[in-house]
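Line by line, the protein sequences give chains C and Y. Residue numbers for the first sequence follow my numbering, so the first one is 1 and each next one is one higher. Residue numbers for the second sequence follow my numbering, so the first one is 495 and each next one is one higher.
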Amino acid sequence: MTTTDLFALSPLLTMGTFCIITMLGIAVRRHHATIAALAAASIVMTLGTLPLAASVVPRTVAMLLRLDTYALLYMGLVSAATLIIIALSYRYWTLHVEDREECEEFYLLILIATFGALVLTASVHFASFFLGLELISVSLYGLIGYLRARRAPLEASLKYLLLASTASAFLLFGMALLYFETGTMVFAEVGAAMTAHGTKPLLWLGGFTLVMVAIGFKLGLVPFHLWIPDVYQGAPAPITAYVATVSKVAVGALLLRFVSDLRILEVQILAMFFAFLAILSMFGGNFLALQQQNVKRLLAYSSIAHFGYLLVALLAGGPFAAEAVTFYLVAYATMTLGAFGVVTARSTPLRDADTFEDYRGLFWSRPWVALTFILSLLSLAGIPITAGFFGKFYAIAAGVQADLWLLVLLLIANSAIGVYYYLRLIVTMFDRSAVAIAVEGGTGHEITGHWATVLSLGLIASMLLWLGGYPGPVIDFIRLVVTDLTATVLHASY
Amino acid sequence: MILWLLIVIPLLAAPLAWWAARASRLLTLWIALCAFAIDGVLSFIVWLRYRVPEHAIQGQWMLESHTPWIPQWGIDLHLGLDGLSFVLIVLTNVLGLVAVVSSWTEIRERQGFFYFNLLLVLSGVIGVFLALDLFLFFLFWEVMLLPMYLIIAVWGHENRRYASFKFFLFTQAGSLVLLVAIATLALLHRDATGAPSFDYHDLLALSIAPSTSWWLMVAFFVGFGVKLPVVPLHTWLPDAHTEAPTGGSVILAGLLLKTGAYGLLRFTVPLFPEAAQTFAPIAMSLGAVGILYGAVLAFAQTDFKRLVAYSSVSHLGFALIGIFAMNRLALQGAVMQLVAHGVSSAALFMLAGALQERLHTRDMRRMGGLWTSAPRLASIALFFAIASLGLPGLANFIGEFLVLFGSFHTHPWLTALAATGMVTAAIYSLALIQRTFHGPLGAERELPDLSGAPFAVLVSMMAIVVWLGLYPMVLLSTTEPILPFLHYLGPSTPNAAPSQPSDNPPILILQPLPHLSHASTR
Chain C
1 MTTTDLFALS PLLTMGTFCI ITMLGIAVRR HHATIAALAA ASIVMTLGTL
51 PLAASVVPRT VAMLLRLDTY ALLYMGLVSA ATLIIIALSY RYWTLHVEDR
101 EECEEFYLLI LIATFGALVL TASVHFASFF LGLELISVSL YGLIGYLRAR
151 RAPLEASLKY LLLASTASAF LLFGMALLYF ETGTMVFAEV GAAMTAHGTK
201 PLLWLGGFTL VMVAIGFKLG LVPFHLWIPD VYQGAPAPIT AYVATVSKVA
251 VGALLLRFVS DLRILEVQIL AMFFAFLAIL SMFGGNFLAL QQQNVKRLLA
301 YSSIAHFGYL LVALLAGGPF AAEAVTFYLV AYATMTLGAF GVVTARSTPL
351 RDADTFEDYR GLFWSRPWVA LTFILSLLSL AGIPITAGFF GKFYAIAAGV
401 QADLWLLVLL LIANSAIGVY YYLRLIVTMF DRSAVAIAVE GGTGHEITGH
451 WATVLSLGLI ASMLLWLGGY PGPVIDFIRL VVTDLTATVL HASY
Chain Y
495 MILWLLIVIP LLAAPLAWWA ARASRLLTLW IALCAFAIDG VLSFIVWLRY
545 RVPEHAIQGQ WMLESHTPWI PQWGIDLHLG LDGLSFVLIV LTNVLGLVAV
595 VSSWTEIRER QGFFYFNLLL VLSGVIGVFL ALDLFLFFLF WEVMLLPMYL
645 IIAVWGHENR RYASFKFFLF TQAGSLVLLV AIATLALLHR DATGAPSFDY
695 HDLLALSIAP STSWWLMVAF FVGFGVKLPV VPLHTWLPDA HTEAPTGGSV
745 ILAGLLLKTG AYGLLRFTVP LFPEAAQTFA PIAMSLGAVG ILYGAVLAFA
795 QTDFKRLVAY SSVSHLGFAL IGIFAMNRLA LQGAVMQLVA HGVSSAALFM
845 LAGALQERLH TRDMRRMGGL WTSAPRLASI ALFFAIASLG LPGLANFIGE
895 FLVLFGSFHT HPWLTALAAT GMVTAAIYSL ALIQRTFHGP LGAERELPDL
945 SGAPFAVLVS MMAIVVWLGL YPMVLLSTTE PILPFLHYLG PSTPNAAPSQ
995 PSDNPPILIL QPLPHLSHAS TR
C-alpha cells in the first residue's frame, strides 16, 4: 500500500475515522444538536476528500476496491443524499426527544451504513461487496427499529432482518459457486474466465443467478419484493428515505459495475432473466401501487417499478446504457428524497404522515411544501422539465437503441399506469373542500419550518428542475465518468 | 428573441396574476387580459414586420430563433413562425381573452391560481405552435397538460375527478407513444450521421426505411390523434368538456384539440410523407366515422355541454380528412375548419356556461322556452348553432366545403359519406336550439340576459365568423404559401411523395417491427 493508495482511499478513510469520532462523541456527551452537526460535518469532510481522490484515480487498491471516477461520482451522490437525510431527520428527532427517545446513535448508524454504501460503490471483489452490503444491512436493522416503543418499526425491523439475511445467504452461496468454478473472487477475473470458457457450466449460471437474487432482494425487484413495502411503511420516515435512496443507489451502482465487469448481458439466458425481472417489477410495482391507501407504501411500490425501468436501460448494454442508468439513478435519488423528505417534514411525534388524509388540501395551507412534493411526484411520473422525465427519456432511448421494443412498450404502458396513482396523490393536495378542516384540526405539532428542512427541500426542488431543465453539464460529466466503467464494452446479445 | 417573447409573456403573467389576486380580483383580470392582448399585438407586429413574400414562396420561416440547449442530444431551443403558426397563435390569443372573460363570473374561489393555470396552458399552446425542435415541442406539449388537468380537477363540476384523471391518462399515454417515436427519430439520425438531432429540418432530410417509417408514423398519429380526437381515442373528450369550467372548455375545444391537428399537419405528414400517403385512406375513414359517430351521439345527448363536445368530435373529423386528403384545397379547408371550429365551439361552450350560471343545470330537459326571457343569449346561440351546422356565408361552411371539395377527386365515396355529416350537423344543432330555447318556458323565473363583457365578446366572435365566412381570403392567403411545404406536394423537396399515389402501395401493416440497424441510407 502506497501513499497514492491512501489518497485514493481518502473518502473511505475519512468516513471511517469520523464514524469513530462520532461514536466517541456520543460516549463523551449526549447532545442532539452537537452529534447531528458532527455527523453532517463527517459527510461534508468526506465530500471534501473526493477531489483529492479524483486526482489519483483510477486505481485499484488491494484487489478489493477500484477507485475510479465512476465510484467517486456515486460516492458523491450517496454522501449528498445522506447529508440531506441527516438535515431532514434533525427536525424529526427533535420532536421525538421530547418523548425521551435517545436519538444520538441514529446518526452514528447512518454514518456506518453510508460507509458501507461507499464501499459498495467501489467494490470489484466479492469480499468487499459482501462487507459493504452487510455494513448497510446491519446498521439498517437498528435504524428501522429505532423507535422501539412502537410496534410497526419493530415489525419492519424484523422483516428487514429476515429479508437481508436471506439475501446474504443467497449471495454467499452464489459467491461460493462462482469461486468454485473460477478460483477467483474478483469480478473482472470471473468475467474473463467465463469468456475464455466456451460453454457455460450450469453451476456458473446458478452462481450468477443466486448473486442476482441477492441483489434483487436489495433493490426490491419483483418477485423478491415481498416485505419491502412493509419495511418502508414501518420504518421511521427518514429511514424510509434512506433505504429508498442511499442503499438502493449504492446497490444500483454495484449492479452496473457487476454486470459490465462480468459481461452478464452476453449470456442470453441471463439477459432473459433480467428482462423478466424488469417486466415483473414494472407491472408488479405499478399494479400494487394502484391499490395503496398509504403514502409510504405507494412510494415503496413506485420505487419497485422505477427499478424495473432502470433494468430496461441496463439491458440495453454498452456505454450508452451505463450513461442512462447513471442518470436515472441520480434522478431517482433526487426525486425519491424529495418525496420522502416531505413525508418526513410532515410527520409528527405521534406518527408519520403516511395517509392521504395528511395531505388533503396541503397545497392551499402550505403551498411550498406541497409544491416540492408535487414536483417530486411529477418527476416520479416522468413529466417534462423534471429530472424524472429525462431519466425516463434516457431509459426509453437506451431501449430503443438496443431494439428492445417489447420492453420499451411495456415501459410506456407502465408509465401511463404510474401517472394515475401519482395524480391521485397530487389531486388530494389540491382538494379544496378540506382546507378548513386541515387548519382547525391541526395536530398541535404543526410544522415549524426548521431551517435545515426548508433548505434541503428547497435544494431538492431546485435540483429536480435543474436536472430536468438544463441537464447538459450533468450529462457531460456522466459521460466522462462512465468511460472509466466501460473500458471494456458490454453488449446485449439478448 | 421576439418569438420567445410570445411564449414568455403569458408565462411571466401567470405568477403575477396569482400574486395579484391577493390584492385585487380586478387586477388579476387585467393582468390576464393584458397578457393576451400584448401577445396578440406582438404576433401581428411580427407578422407585418417580417413577412417577406419571397420567403413565403420558398417555404421558409418568417422568423426563426435558434440556440443550443442540450448539445449532447442535439436538442436546441429552436422556434420558427410561418403563416400557419401565426394564424393559430392569433386564435390562441383571441380565445385566451374569451376564456378570461367567460371565467370571470364563474370562477369565484382561488381566482389567482385559476388564471395562473390558464396563462400557463396558453403559454404551452403557443410554444407548441412555434417549436421546431421535436424535444422542445414535446416539452410544450406536456407543459400545457398539467395546468389543464388542474383546471378541470380543481374548478370542474360534480364529476371532475374522474374526468380530469381520464383526460390526463389518455393524453399522457398518447404523449408517451409520441415520445418513443421522437426518441427513435433522434437515434435514427445518429445512426445516419453520427450525432443525434431533434431538429425539424434535420429530421425532414433523414431518409428512413419504409417499415420503420410506417411504425413511426403510426406512433405520431396515435400521439396526436388522442388530442384531435380521432374516434377510437376520443372517449376522454366528452367527460373532460362536460366537467371542465367554462374557461377550461373554451381552451380545450378551441385550442388543445387544435394542437393535435397542428401536430399532424406539421410533423406527422411531412416527416413521413410516403407512410402518410399509404395511411391516408385509413385516416380519412377514421375521420368519416368520427363525423357520423360524433353527430349521432351528439343528437342523443341531454346535456348541453356534452352535445357540443360530441359535435366537436364530428367537426374535427373534417379536419382529419382535410389533412390526409393530401391536396392543397382540402388542406386549406382543414386549416379553416380548425379556426372556425375554434371560434364557434368556444362560443357555444361560453353560452353553455352562461346557461349553467343562470339555471344551475346543463340538462336540456329542464330548459326550454328561454327565448322570451333571454333573447340575446338565445339569438347568439342560434347564430353559432347555425354556424356550426355549416350555413354558407359563415366560416365553418368554408372549411367543410373546401375539405369535401378537395378530397372528392381522390376519395369520392368517403367524401360522400363525410358530406352526410353536414346534414346530421343540422339535425343536432337545430335540436339543441329547439330543446333549449323554444317551446314552453321551463324555468320558473325570469333570467338575466347577456350583457356587458360576455355579450361584447360573443358579438365580436360572431363578427369573426361572418368575416371569415364572407372573406376567407384573409386566412387562406396567409396559410396558402406554406401548405405545399407541409406536405411536400411540390417537386423541390428531397423525399417528395410521388405526385400520384402509386398503384399498389405495399401493405406495410404486415411488416415486422423495425430495427434501427435496418435504416436505409439512400
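The beta carbon of each residue, even a glycine, is placed where N, CA and C say it ideally should be.
What do you get for residue i, buried or exposed, if any count of 16 or more other CB atoms within 10 angstroms of its CB means buried?
{"i": "Met861 of chain Y", "result": "buried"}
{"i": "Asp476 of chain C", "result": "exposed"}
{"i": "Phe878 of chain Y", "result": "buried"}
{"i": "Thr914 of chain Y", "result": "exposed"}
{"i": "Gly946 of chain Y", "result": "exposed"}
{"i": "Ser923 of chain Y", "result": "buried"}
{"i": "Gly577 of chain Y", "result": "buried"}
{"i": "Asn653 of chain Y", "result": "exposed"}
{"i": "Ala461 of chain C", "result": "buried"}
{"i": "Glu636 of chain Y", "result": "buried"}
{"i": "Phe180 of chain C", "result": "exposed"}
Can you grab the Cα-Cα spacing for the pair residue i / residue j, in whole Å?
{"i": "Leu746 of chain Y", "j": "Ile817 of chain Y", "result": "20 Å"}
{"i": "Val369 of chain C", "j": "Leu911 of chain Y", "result": "56 Å"}
{"i": "Ile144 of chain C", "j": "Pro153 of chain C", "result": "6 Å"}
{"i": "Phe327 of chain C", "j": "Leu73 of chain C", "result": "11 Å"}
{"i": "Ala278 of chain C", "j": "Leu226 of chain C", "result": "16 Å"}
{"i": "Pro893 of chain Y", "j": "Ala834 of chain Y", "result": "Note on identity: in this sequence residue 893 of chain Y is Gly, with Pro being the wrong assignment. Those two C-alpha atoms are separated by around 7 Å."}
{"i": "Leu964 of chain Y", "j": "Gly887 of chain Y", "result": "5 Å"}
{"i": "Leu64 of chain C", "j": "Leu52 of chain C", "result": "20 Å"}
{"i": "Asp943 of chain Y", "j": "Arg602 of chain Y", "result": "20 Å"}
{"i": "Phe486 of chain Y", "j": "Leu542 of chain Y", "result": "The requested residue 486 of chain Y does not occur in the structure, where chain Y is confined to residues 495 to 1016."}
{"i": "Phe798 of chain Y", "j": "Ala789 of chain Y", "result": "14 Å"}
{"i": "Phe692 of chain Y", "j": "Ile374 of chain C", "result": "29 Å"}
{"i": "Lys218 of chain C", "j": "Ala794 of chain Y", "result": "56 Å"}
{"i": "Ala237 of chain C", "j": "Leu203 of chain C", "result": "41 Å"}
{"i": "Glu940 of chain Y", "j": "Arg856 of chain Y", "result": "17 Å"}
{"i": "Trp708 of chain Y", "j": "His932 of chain Y", "result": "51 Å"}
{"i": "Ser497 of chain Y", "j": "Leu520 of chain Y", "result": "According to the sequence as given, residue 497 of chain Y is Leu; it is not Ser. Cα to Cα, the separation comes out at about 29 Å."}
Within the same chain, show all residues whose beta-carbon is closer than 7 Å to that of residue i, passing over the 5 residues directly before and after it, in chain order.
{"i": "Val671 of chain Y", "result": "Ala713, Val716 and Gly717"}
{"i": "Val744 of chain Y", "result": "Leu589, Val592, Ala593, Ser596, Ala840, Phe843 and Met844"}
{"i": "Thr14 of chain C", "result": "Met45, Thr46 and Thr49"}
{"i": "Ala499 of chain Y", "result": "Here residue 499 of chain Y turns out to be Leu, not Ala, going by the sequence shown. Contacts found: Leu536."}
Grab me the residues of residue i's own chain with a C-beta within less than 6 Å of its C-beta, minus the 5 sequence neighbours each way, in chain order.
{"i": "Met638 of chain Y", "result": "Val615, Gly618 and Val619"}
{"i": "Gly534 of chain Y", "result": "Asn587"}
{"i": "Leu883 of chain Y", "result": "Ala919, Ala920 and Ser923"}
{"i": "Pro471 of chain C", "result": "Phe390"}
Name the residue from the options whose alpha carbon lies nearest to the alpha carbon of residue i.
{"i": "Leu575 of chain Y", "options": "Y:Gly568, Y:His560 and Y:His735", "result": "Y:His560"}
{"i": "Ile43 of chain C", "options": "C:Val57, C:Thr22, C:Val28 and C:Ile26", "result": "C:Thr22"}
{"i": "Ala81 of chain C", "options": "C:Thr94, C:Val243, C:Tyr70 and C:Thr34", "result": "C:Val243"}
{"i": "Ile569 of chain Y", "options": "Y:Trp598, Y:Leu786 and Y:Ala677", "result": "Y:Ala677"}
{"i": "Val138 of chain C", "options": "C:Arg150, C:Phe115 and C:Arg148", "result": "C:Phe115"}
{"i": "Phe979 of chain Y", "options": "Y:Leu825, Y:Leu801 and Y:Ala846", "result": "Y:Leu825"}
{"i": "Phe287 of chain C", "options": "C:Ile264, C:Leu162, C:Ala413 and C:Phe356", "result": "C:Ala413"}
{"i": "Leu147 of chain C", "options": "C:Glu104, C:Ser128, C:Leu404 and C:Val249", "result": "C:Glu104"}
Less than 9 Å between CB atoms is the rule here; does residue i satisfy it with respect to chain B?
{"i": "Phe662 of chain Y", "result": "Although the question refers to chain B, the structure presented lacks it and instead comprises the protein chains C and Y."}
For a test of your reading of the model: does the CB of residue i fall under 8 Å from any non-hydrogen atom of the ligand ZN? Yes or no.
{"i": "Trp93 of chain C", "result": "Summarising the ligand content, the structure contains no ligands, and the ligand ZN is consequently not present."}
Can you find the residues in the same chain that come closer than 8 Å, C-beta to C-beta, to residue i, ignoring five residues on each side of it along the sequence?
{"i": "Lys660 of chain Y", "result": "Thr729, Trp730, Asp733 and Ala734"}
{"i": "Tyr787 of chain Y", "result": "Val725, Val807 and Ser808"}
{"i": "Leu626 of chain Y", "result": "Trp555, Glu558, His572, Leu573, Gly574, Asp693, Tyr694 and His695"}
{"i": "His1023 of chain Y", "result": "Any property of residue 1023 of chain Y remains undetermined from this structure, which presents chain Y solely from 495 to 1016."}
Going residue by residue through the region 145 to 210 of chain C, where are the continuous alpha helix (DSSP H) segments of at least 4 residues, counting only ones entirely within it?
151 to 182 and 187 to 196
Alpha helix (DSSP H) segments (min. 4 residues) lying fully within the region 68 to 144 of chain C:
69 to 97, 104 to 122 and 126 to 144
Entirely within the region 765 to 810 of chain Y and at least 4 residues each: give me those alpha helix (DSSP H) ranges in chain order.
767 to 794
Whole beta strand (DSSP E) elements within the region 351 to 397 of chain C, 3-residue minimum
none
In chain order, what are the residue ranges of uninterrupted alpha helix (DSSP H) at least 4 long that sit wholly in the region 268 to 302 of chain C?
268 to 290
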